[in-house]
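Enquirer: Protein chains in written order, with the UniProt record's numbering: chain A, 1 to 208; chain B, 1 to 208. Glycine included, every Cβ here is placed at the ideal spot set by N, Cα and C.
2 protein chains.
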Amino acid sequence: MARVSTPRPTKDVITDALLDITAERGLDHVSVRHVAAAAGVAIGTVQHYFPTKDAMLTAAFTEVVRRIRERVAATVLGPDVRRNLAAVLRELLPLDEPRAAEVRVQVAFAARAATMPALAELQGVILGEVTDAIAAALAHVDGGPAAQRRARAQVVLATVDGLALHAVSSRDWVTPESLAAALDDALDALLPPGDPTAAPGDVVGDRS
Amino acid sequence: MARVSTPRPTKDVITDALLDITAERGLDHVSVRHVAAAAGVAIGTVQHYFPTKDAMLTAAFTEVVRRIRERVAATVLGPDVRRNLAAVLRELLPLDEPRAAEVRVQVAFAARAATMPALAELQGVILGEVTDAIAAALAHVDGGPAAQRRARAQVVLATVDGLALHAVSSRDWVTPESLAAALDDALDALLPPGDPTAAPGDVVGDRS
């Protein structure tokens, strides 16, 4: 019994409103009242789904991670693992306004996680997942023993997130072009040359 | 119990209180009222020096930058430029609690700068200064033409700040030891081998 269009779940509508406010005006403007107004729901409805500000921020962050995963899964992968990794990591950089908004949410989450153990735990889980994926890709480009690959993957992710942090938090510092160039420069230095014989299915990116 | 030292300027006392609150409990807890209580001054006194929350945060960030500069200036520099650069960049990592508190302030500042143009401008200036200093050091280790050195310096700083961001915002992710090892690993990949003949006075670090 397919319907033409199903109304979106209220929780998703609220999460979107929340994301927009965090991205545009910063975490300081995220309040139950503002989110309710932007989502067009009652204050009590927001409180029902997100009883605390940390619950709201966690939902926004989780949604950002889901969107990035979705884009990564849709990335066209070729036979060159190094090139695939670059394509996937570009999804983490603020190269256009939607990605810049996502990075602003991630930075707001990180800032709050720096003083909130529950959020810091989630941040650790996400960093671990992404690092594992990068380390798995490095296995295809002669990245050395497992421990060394993982250490290098940590550095690669730190570089990408550091570039993203600098890009969204500063003015006249980088353009999207110079940001993409900086990623390429970093990968040239941090990764061994690509192995064109590696199987494309084994690289970073959950394609399920 | 006699105090021989001159009393500290009120503005410095307030800035210290502000830094402590931002570092320990996050930017959300920085309010005129809390800062006044922690500094032991009247609310009106805080408002006199820092009329807005952004003014308070800018003061905290500026003080962190001053402290880092002071430590960098005190770093013992040897003849190996690469080693000197590593020593200086370690001052930016949260390898002990005072540095972790500084990084939390920097992350809070960056998060707010992501939606506040005036703060983003200051962030751009600071990033530019540090990048210039790193690029100057790279000139001594055969870092290629000037534009290439500057691009690589941007990547080095992004890596260091990304590692610092991940360290303070996550749990069970890094130890101070693994963080220092990650910096060394990153510098091994990002920097050409050191030139032991370079003059120690020419490296990163304002020693005035």
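Taking the alpha helix (DSSP H) that A:Glu70 belongs to, which residues open and close that run?
Expert: Where A:Glu70 is concerned, the enclosing alpha helix (DSSP H) stretches over Lys53 to Ala74.
Enquirer: Report yes or no: is there a C-beta of chain A within less than 7 Å of the C-beta of B:Arg69?
Expert: So, not an interface residue.
Enquirer: Pick from A:Ala182, A:Glu24 and A:Lys11: whose alpha carbon is nearest that of A:Arg99?
Expert: Ranking A:Ala182, A:Glu24 and A:Lys11 by Cα distance to A:Arg99 puts A:Glu24 first.
Enquirer: If we count the other Cβ atoms within 10 Å of its Cβ and call it buried at 16 or more, is A:Thr175 buried or exposed?
Expert: When all chains shown are included, A:Thr175 counts as exposed.
Enquirer: Does the Cβ of A:Val35 have 16 or more other Cβ atoms within 10 Å, making it buried, or fewer, making it exposed?
Expert: Result: buried.
Enquirer: Using 8 Å as the cut-off, can you tell me whether the stretch 36 to 52 of chain B makes contact with the stretch 7 to 20 of chain B, which would need three or more C-beta pairs spanning the two stretches below that distance?
Expert: Flag = yes, the stretch 36 to 52 of chain B and the stretch 7 to 20 of chain B touch.
Enquirer: For B:Pro94, which residues in the same chain have their Cβ closer than 6 Å to its Cβ, ignoring the five residues on either side in sequence?
Expert: The answer, listed in chain order, is Ala100, Val103, Ala164, Ala167 and Val168.
Enquirer: For the stretch 130 to 148 of chain B, which residues have a beta carbon sitting closer than 7 Å to at least one beta carbon of chain A?
Expert: Hits within the stretch: zero.
Enquirer: Excluding the 5 residues preceding and the 5 following A:Arg150 in the sequence, name in chain order all residues of the same chain whose CB lies nearer than 7 Å to its CB.
Expert: Result list for A:Arg150: Thr131 and Ala135, in chain order.
Enquirer: Assign A:Asp80 to buried or exposed, taking buried as 16 or more other Cβ atoms, counted over all protein chains shown, within 10 Å of its Cβ.
Expert: A:Asp80 should be labelled buried.
Enquirer: CA-CA distance, B:Ser170 and A:Ala74?
Expert: Near 28 Å, if we compare the C-alpha coordinates of A:Ala74 and B:Ser170.
Enquirer: In the DSSP assignment, the alpha helix (DSSP H) including A:Leu81 goes from what residue to what residue?
Expert: The amino acid at residue 81 of chain A is misidentified as Leu; the sequence shows Val. Val81 to Arg90 is the span of the alpha helix (DSSP H), which, as asked, contains A:Val81.
Enquirer: I need the DSSP call for A:Arg8, collapsed to helix, strand or coil.
Expert: Coil at A:Arg8, not helix or strand.
Enquirer: Are at least three pairs of beta-carbons, each pair with one atom in the stretch 150 to 161 of chain B and one in the stretch 181 to 189 of chain A, less than 8 Å apart?
Expert: Yes, they touch.
Enquirer: So that I know if they touch, is there some Cβ in chain A lying closer than 7 Å to that of B:His166?
Expert: Yes, its Cβ sits closer than 7 Å to a Cβ of chain A.
Enquirer: Specify the secondary structure class of A:Ala114 as computed by DSSP and reduced to three states.
Expert: Note: A:Ala114 maps to coil in three-state DSSP.
Enquirer: Indicate the three-state DSSP secondary structure (helix, strand or coil) for B:Asp16 in the structure shown.
Expert: If DSSP states are grouped into helix, strand and coil, B:Asp16 belongs with the helices.
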